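S.K.:
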Amino acid sequence: MLHIRTPLILHPTLSSASRRIWLKLENLQPCGSFKLRGMGLLCSQAAAQGKRKVVCPSGGNAGLATAVAAVSLGLQACIVVPHTTPEATRARIRRTGAEVIVHGKVWDEANQRARELASAADTEYVPAFDHPVLWEGHSTMVDEILEDCPQVDTVVTSVGGGGLLAGILTGLLRHDRRDCRIVTCETTGAASFAAAVKAGHPVRLSRIDTVATSLGAAQVAAWPVEHIGEFDHECLVLSDDDAIMGVVRYASDQRQLVEPACGVSLAVAYLDHPALAGAHDVVVIVCGGVSISAQLVAGWARLGA
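Numbering of the sequence shown is given in the numbering used here, commencing with residue 104 and proceeding in unit increments.
1. Since I believe His278 is in contact with Asp140 (beta carbons under 8 Å), could you give me their beta-carbon distance rounded to a whole number of angstroms?
2. In angstroms with no decimal places, state the Cα-to-Cα distance between Leu318 and Thr243.
3. Take Arg358 as the anchor and find which of Ile331, Leu374, Ala315, Leu131 has the nearest alpha-carbon.
4. Could you give the uninterrupted runs of the beta strand (DSSP E) lying entirely in the region 358 to 407, keeping only those of 3 residues or more?
5. Exposed or buried, what is Arg198 when buried is set at 16 or more other beta-carbons lying within 10 Å of its beta-carbon?
6. State whether the region 385 to 397 contacts the region 152 to 172, with contact taken as three or more CB pairs (one from each stretch) at a distance under 8 Å.
7. Is it buried or exposed for Thr116, if we count other Cβ within 10 angstroms and need 16 for buried?
8. Tell me the rounded alpha-carbon separation between Leu341 and Pro327.
9. On the DSSP letters alone, give me the boundaries of the alpha helix (DSSP H) that Lys301 sits inside.
10. Is Ala320 helix, strand or coil by DSSP?
11. Let me know the secondary structure DSSP gives Pro185 once reduced to three states.
12. What's the C-alpha gap between Leu374 and Pro110?
13. Taking Cβ to Cβ, would you say Ile395 is nearer than 8 Å to His336?
14. Got a sec, what are the start and stop residues for the alpha helix (DSSP H) Lys138 sits in?
15. Quick one: residues in its chain with C-beta nearer than 7 Å to the C-beta of Tyr354, no 5 flanking neighbours on either side, listed in chain order?
See the structure below:
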């Protein structure tokens with residue numbers, strides 16, 4: 104097991120006598136995001152099968168998680184990122200010892216190149232979000248949540264490609280907790296999951312336009328779209344400003360940095376959003392993210408002052 108068991112803490116000021124807001128601190132994983140759970144499991148299976156190299160297309164978080172997992176397992180790692188991935192994130196991935204290839208304007212183009220590079224027999228393609236082994240790995244956070252807070256009635260989570268959501272659904276189904284409400288969170292310029300749920304199947308967005316770049320999957324995985332209906336759920340689409348507010352408020356009151364892709368879920372709690380009406384024990388997945396800096400957060404804080 105390459106990931107750590109992360110804390111579930113009560114948010115002191117957002118909680119009240121009638122509703123408790125719990126934070127699942129996946130930002131504390133060694134790679135800075137929940138991704139290590141799934142990537143760690145997939146890379147471990149690849150190593151057990153005798154693979155020597157892994158290739159992952161990523162905007163940042165999946166790539167860093169794959170690189171961290173590969174190093175721990177003695178595998179070579181090649182991470183293919185689009186030009187939109189910040190140089191600081193590329194440098195962070197390189198520092199693990201992984202090879203970083205920059206290809207394409209968007210993730211889909213990086214993904215195509217990664218598939219080409221993963222054609223060798225000793226190489227494993229590690230998808231960013233659409234794979235049942237990833238979901239199985241991510242679902243371990245549900246085991247921990249239910250052990251720490253068995254009375255949870257609502258889970259709030261960001262959705263990019265759908266890997267985290269699929270992991271949460273997988274875990275809840277395994278524990279027969281269909282009574283748990285799911286609140287999914289996206290930003291206006293990357294709301295591919297909300298569009299898919301509305302259509303009844305994955306749809307491809309014509310463009311991604313959001314500060315929450317880690318949510319920027321033009322098309323989500325099909326499985327979570329098919330299975331979200333087994334739960335009471337609400338698909339929220341908030342603004343970039345809301346996501347940034349979530350980042351800044353969280354940095355101020357918890358002294359931790361997370362990406363806007365995570366801030367959009369935190370914003371639901373900070374806004375006391377109507378989607379939480381009637382909930383008593385809410386768990387917000389603090390999914391983390393590495394493409395963030397103190398300078399960025401400070402700049403946003405000044406703009407909001």
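Note that beta-carbon positions come from the ideal geometry of N, C-alpha and C, so glycine has one too. Note that this is a predicted model, so its numbers are computed, not measured.
M.R.: For this structure:
1. At residue 140 the sequence reads Arg, which differs from the Asp that was named. Going by Cβ atoms, the distance from Arg140 to His278 rounds to 16 Å, so no, they are not a contact pair.
2. 22 Å
3. Leu131
4. 384 to 389
5. exposed
6. yes
7. exposed
8. 20 Å
9. 295 to 302
10. coil
11. coil
12. 23 Å
13. no
14. 138 to 151
15. The identity of residue 354 in the sequence shown is Ala, whereas the question assumes Tyr. Answer for Ala354: Leu360, Val400, listed in chain order.
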